[in-house]
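2 protein chains.
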Amino acid sequence: MPVFLSAQEPDFEDRFAALLAAKREADADVDEAAARILADVRARGVDALIELTERFDRLRLTPETLAFSEEEIDRAVARVPPEERAALELAAERIAAYHRRQLPRDESWTDRAGATLGWRWTPVDSAGLYVPGGLASYPSSVLMNAIPARVAGVRRLTMCAPTPDGQVNPLVLLAARLAGVDEVFRVGGAQAIGALTWGAGPIRPADKIVGPGNAWVAAAKRRVFGTVGIDMIAGPSEILIIADGAQNPDWIALDLLSQAEHDESAQAILITDDPAFARAAAAAVEARLATLERREIARASWRDFGAVIVARDLDHAAELSDRVAPEHLELCVADPDALAAKVRHAGAIFLGAWTPEAIGDYVGGPNHVLPTARSARFSSGLSVLDFMKRTTIARMSPGALAAIGPAARTLAQSESLEAHSLSVAARLEALNRGAEGEE
Amino acid sequence: MPVFLSAQEPDFEDRFAALLAAKREADADVDEAAARILADVRARGVDALIELTERFDRLRLTPETLAFSEEEIDRAVARVPPEERAALELAAERIAAYHRRQLPRDESWTDRAGATLGWRWTPVDSAGLYVPGGLASYPSSVLMNAIPARVAGVRRLTMCAPTPDGQVNPLVLLAARLAGVDEVFRVGGAQAIGALTWGAGPIRPADKIVGPGNAWVAAAKRRVFGTVGIDMIAGPSEILIIADGAQNPDWIALDLLSQAEHDESAQAILITDDPAFARAAAAAVEARLATLERREIARASWRDFGAVIVARDLDHAAELSDRVAPEHLELCVADPDALAAKVRHAGAIFLGAWTPEAIGDYVGGPNHVLPTARSARFSSGLSVLDFMKRTTIARMSPGALAAIGPAARTLAQSESLEAHSLSVAARLEALNRGAEGEE
């Protein structure tokens with residue numbers, strides 16, 4: 001059974017704090033193993049990559065067969081049923097339309113001192129997209145990771161995905177093609193992260209590596225962070241739903257379960273101001289669990305990490321939600337806009353009963369790569385900005401240097417950086433000589 | 001002597017590649033030591049903090065004396081000479097004015113399907129600012145780290161700075177006050193990062209930790225990344241100057257040395273299209289090195305990592321610069337705007353001979369916390385956005401759900417996520433029943 005909490009009970013605060021502190025993922029101690037694999041790929045390049053792929057994926061590759069050929073992709077893509085292709089195309093279109101609006105603007109202005117200031121955004125040259133194999137190999141994730149890179153203007157977009165025993169999901173290849181991925185390699189794990197960082201055979205180094213992965217992939221990304229850019233270290237996923245008593249309990253139950261079915265360490269939390277609705281929704285979850293295909297996983301998640309919380313009122317619900325800082329937040333209440341205005345920390349907000357979170361996973365438009373495990377306190381979902389960087393620009397006129405240069409000299413001297421001070425002073429002296437010459 | 005390269009020589013490409021690959025920083029193997037300190041602070045809180053501060057900074061504190069009191073700050077600040085105070089105030093004003101322009105806009109729109117989409121930016125609740133002690137304790141860095149946080153709207157801004165043997169730089173405290181820092185603690189090293197991550201005594205946990213530090217601080221930040229947000233892992237700093245033959249060699253020499261004097265692993269590179277200017281600038285560096293206060297440091301940096309490169313022409317210079325992706329780029333040429341348009345990767349660009357890089361360190365306005373060690377390929381300098389996060393928003397009308405829901409169902413089914421599919425289907429069925437009812 002999930003945790004039931006009521007704000008009426010005296011131990012509410014302690015129990016809510018315990019829920020927040022609960023650890024949802026075992027520490028997989030794979031850091032050393034990931035480090036060894038990275039060092040091996042860095043030192044031996046494509047040879048290491050091929051050996052590791054044989055060991056982990058039972059697949060014997062050569063430098064020539066590391067990449068999917070265009071013909072292989074053509075053949076796989078041709079097997080996708082038209083309905084699935086159409087759905088993927090609609091998703092790709094909507095995701096691209098949303099992300100195009102994220103393209104940032106350059107700025108430039110001249111201030112009163114005569115300094116021209118501003119900044120300019122440019123895309124990274126190349127991005128590497130990691131796609132997990134097996135169960136977690138989602139075509140929707142390919143779209144969500146690749147499209148923002150393409151919209152940003154990334155020149156080369158490389159995808160790595162393990163194909164254990166040679167198995168591949170044709171929809172993943174179709175998604176890669178729709179999203180404009182340039183090359184797809186059949187490698188996974190920490191070895192793929194190493195190849196994308198330092199290059200290995202046909203795999204060239206990327207400037208930025210994004211995409212979800214298992215514990216080895218996460219450990220490898222943490223280690224190469226700084227040599228290349230990375231997106232984030234993804235943890236177990238969560239949904240928080242704030243619902244009033246007027247909602248359909250079955251809809252809310254399905255939304256909770258659509259998180260719980262992802263994996264056993266996923267978390268689904270319902271907060272309501274109506275104790276009767278809390279009971280009805282919990283009962284609806286049990287009813288749906290009886291027949292759900294992935295009921296084993298969903299039941300474990302709901303039992304171990306699920307929570308049903310009766311708050312004092314909807315304002316209190318928003319406060320509690322901010323302490324969770326959920327990845328996904330559904331506001332199924334009469335006035336969701338008013339409630340959303342009170343929320344400060346959430347990866348994505350879904351407003352009203354007609355917006356199940358699953359819409360956001362596929363076709364809504366916003367990105368489904370979102371900050372997990374309370375990191376919405378300080379980070380954002382994946383966006384076009386993750387594939388761009390900003391260069392600041394400054395240009396002093398002689399007058400601007402005369403106006404603000406002396407303060408720079410003073411500060412450089414106070415920091416004992418003489419060359420800094422002299423670099424300004426030499427120019428100021430030239431200006432003074434010029435001014436004297438004019439007199 | 002620094003490296004001299006000419007594009008005319010047959011081994012140019014190899015030697016330039018070697019320059020790019022040169023390692024400028026010894027691997028300090030402090031990761032385990034940092035991990036032990038973090039674990040200690042996490043487990044024992046303020047007791048560990050006090051013990052570690054006694055051991056590393058030879059300073060015996062209590063939970064009550066960990067923070068500077070307002071009176072202590074008042075007394076320190078009163079000792080700052082008026083000229084330095086005025087310079088710091090001018091810098092703070094200009095930095096704030098520049099960063100206020102970075103405040104992002106929220107967006108919201110309704111598309112043809114009837115989906116209302118958008119996003120909203122909110123500040124992080126709390127930020128921790130690390131300030132190194134000793135030589136690297138720069139008041140300008142306090143302004144550069146704290147002001148963007150304040151402009152973003154961060155509610156609580158906590159600063160940690162070690163005070164070895166009780167020593168403190170009054171200008172650092174004045175900068176903290178001018179920038180609106182809320183509290184200042186006398187702790188440093190990995191232990192300060194632990195305290196800012198999990199809290200320790202009077203130090204409360206922060207959501208985001210920024211600021212430069214030594215190898216222990218960098219290792220600790222890398223380890224807590226994910227539990228809190230961090231800015232970047234700073235490496236040794238560099239400048240690249242592209243200058244034509246019409247420049248003043250002494251000015252360029254001083255600009256090169258203003259990077260070299262920072263520390264022995266700093267890097268200063270001059271690229272010019274004029275061999276005679278290359279020789280003149282190198283001679284000017286030697287002349288200035290004879291008398292520079294920090295000549296020991298600057299000479300070691302220039303000797304070990306300095307480079308003077310004669311490019312085929314200015315376009316070639318821009319190409320080479322992009323391969324370096326320098327932290328600081330000065331364009332001292334007749335038409336710096338035209339050349340800047342050809343540059344893709346740089347942390348900050350300084351245009352024209354009247355804009356020495358030192359202006360950007362203090363009073364220009366743009367941030368001086370910039371991506372080092374080639375990371376301008378994928379990352380940006382510190383900005384207001386580092387202290388904010390974006391929540392995506394989606395709201396479906398019933399019509400929008402009817403239009404795009406079926407595609408979401410199809411994709412959920414193809415990913416074998418039944419609850420996802422059912423959460424959409426249950427609502428679509430209600431819509432269909434409604435439509436039938438109307439018939």
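Chains as they are written, first to last, in UniProt numbering: chain A, 1 to 439; chain B, 1 to 439.
Yeah, the Cβ is synthetic: ideal placement off N, Cα and C, and Gly gets one too.
Discussion item. On the CB-based measure, 16 or more other CB atoms within 10 Å of its CB, does A/Pro-82 come out buried or exposed?
Written reply: exposed
Practice prompt. Closer than 8 Å, Cβ to Cβ, to anything on chain B: give me those residues from the stretch 66-99 of chain A, in chain order.
Written response: Glu-83, Glu-84, Ala-86, Ala-87, Leu-88, Leu-90, Ala-91, Arg-94, Ala-97, Tyr-98
Worksheet item: Cβ of residue 449 of chain A within 7 Å of Cβ of A/Ala-190?
Response: Any answer about residue 449 of chain A is impossible in this case: the structure gives chain A only from 1 up to 439.
Fill in: Under the three-state DSSP convention, the category A/His-328 falls into
strand
Worksheet item: At a Cβ threshold of 7 Å, is A/Glu-327 touching chain B?
Response: no
Worksheet item: Where A/Asp-337 and B/Thr-53 are concerned, what is the direct C-alpha to C-alpha distance, given to the nearest angstrom?
Response: 49 Å
Worksheet item: Can the beta-carbon of B/Tyr-130 be found closer than 7 Å to that of B/Gly-211?
Response: yes
Practice prompt. Provide the residue(s) that pair with A/Lys-389 in DSSP beta bridges, ordered along the chain.
Written response: Answer is A/Thr-122, bridged to A/Lys-389.
Item to complete: In the DSSP assignment, find the unbroken beta strand (DSSP E) run with A/Trp-109 in it and report its ends.
Response: 107-110
Worksheet item: Roughly how many angstroms separate the alpha carbons of B/Asp-335 and B/Asp-244, rounded to a whole number?
Response: Distance between the alpha carbons of B/Asp-335 and B/Asp-244: 10 Å.
Worksheet item: For B/Ala-353, which of A/Met-388, A/Leu-431, A/Ala-278 has the nearest alpha-carbon?
Response: A/Leu-431
Discussion item. Cutting at 8 Å between CB atoms, please list the residues of its own chain near A/Ala-313, excluding the five before and the five after it.
Written reply: The amino acid occupying residue 313 of chain A in the given sequence is Asp; Ala does not appear at that position. Excluding sequence neighbours, A/Asp-313 sits near Asp-273.
Discussion item. Using CA atoms only, rank isn't needed, just tell me which of A/Glu-13, A/Arg-177, A/Phe-185 is closest to A/Thr-62.
Written reply: For A/Thr-62, the nearest C-alpha among the options comes from A/Phe-185.
Practice prompt. Within the same chain, show all residues whose beta-carbon is closer than 8 Å to that of A/Asp-11, passing over the 5 residues directly before and after it, in chain order.
Written response: none
Worksheet item: If you pair each beta-carbon of the stretch 162-173 of chain B with each one of the stretch 407-416 of chain B, do three or more pairs fall below 8 Å?
Response: no
Discussion item. Just to confirm the assignment, what range does the beta strand (DSSP E) spanning B/Ile-203 have?
Written reply: Segment: none, B/Ile-203 is in no beta strand (DSSP E) and carries neither H nor E.
Item to complete: Kindly indicate the opening and closing residues of the beta strand (DSSP E) around A/Glu-183.
Response: 183-185
Worksheet entry | Cα-Cα separation, A/Gly-399 to B/Gln-247 | 19 Å
Worksheet item: Taking just the CA atoms, how far does A/Ala-195 sit from B/Arg-85?
Response: 51 Å
Worksheet item: B/Trp-216: which of B/Asp-47, B/Ile-193, B/Ile-252 sits nearest, CA to CA?
Response: B/Ile-193
Item to complete: Could you name the residues of chain A that B/Ala-378 contacts, counting a contact when the two beta carbons are closer than 7 Å?
Response: For the record, residue 378 of chain B in the displayed sequence is Phe; it is not Ala. Here the neighbours are Val-124, Asp-207, Lys-208, Val-228, Gly-229, Lys-389.
Worksheet item: Using DSSP with H/G/I as helix, E/B as strand and the rest coil, what is B/Leu-411?
Response: helix
Fill in: DSSP three-state assignment for A/Met-396, whether helix, strand or coil
A/Met-396: strand per DSSP, three-state reduction.
Worksheet item: What residue from B/Ala-358, B/Arg-105, B/Ala-35 has the CA that sits closest to B/Ser-140's CA?
Response: B/Ala-358
Worksheet item: Taking only beta-carbon atoms, is A/Asp-304 less than 7 Å away from chain B?
Response: With 7 Å as the cut-off, A/Asp-304 does not count as an interface residue toward chain B.
Discussion item. Applying the 10 Å Cβ sphere with the 16-neighbour rule, what's the burial state of A/Ser-383?
Written reply: buried
Item to complete: With a cut-off of 8 Å on the beta carbons, I'd call B/Ala-268 and B/Gly-306 a contact; round off their distance for me.
Response: 5 Å
Practice prompt. Kindly indicate which residue of B/Gln-102, B/Arg-177, B/Trp-121, B/Leu-90 has the alpha-carbon position closest to the one of residue 440 of chain B.
Written response: Absent from the structure is residue 440 of chain B, since the part of chain B shown begins at 1 and ends at 439.
Worksheet entry | Between the CA atoms of B/Arg-433 and B/Glu-439 - distance to the nearest angstrom | With a pLDDT of 44 at B/Glu-439, under the threshold of 50, the modelled position of this residue cannot be trusted; read the value that follows with caution. Near 10 Å, if we compare the C-alpha coordinates of B/Arg-433 and B/Glu-439.
Discussion item. Can you look up B/Thr-53 in the DSSP assignment and give me helix, strand or coil?
Written reply: helix
Worksheet item: Taking Cβ positions only, does B/Ala-419 come closer than 7 Å to chain A?
Response: yes
Discussion item. At the 7 Å Cβ level, is B/Ser-140 part of the contact set with chain A, yes or no?
Written reply: yes
Discussion item. Can you check whether the C-beta of A/Glu-439 is within less than 7 Å of a C-beta belonging to chain B?
Written reply: Reliability of the predicted coordinates at A/Glu-439 is poor, the pLDDT of 45 falling under 50, and no value is obtained from them.
Worksheet item: Interface residues of chain B around A/Arg-344 at Cβ under 8 Å?
Response: By Cβ distance, chain B contributes Thr-122, Asp-125.
Fill in: Secondary structure of A/Thr-291, DSSP reduced to three states
coil
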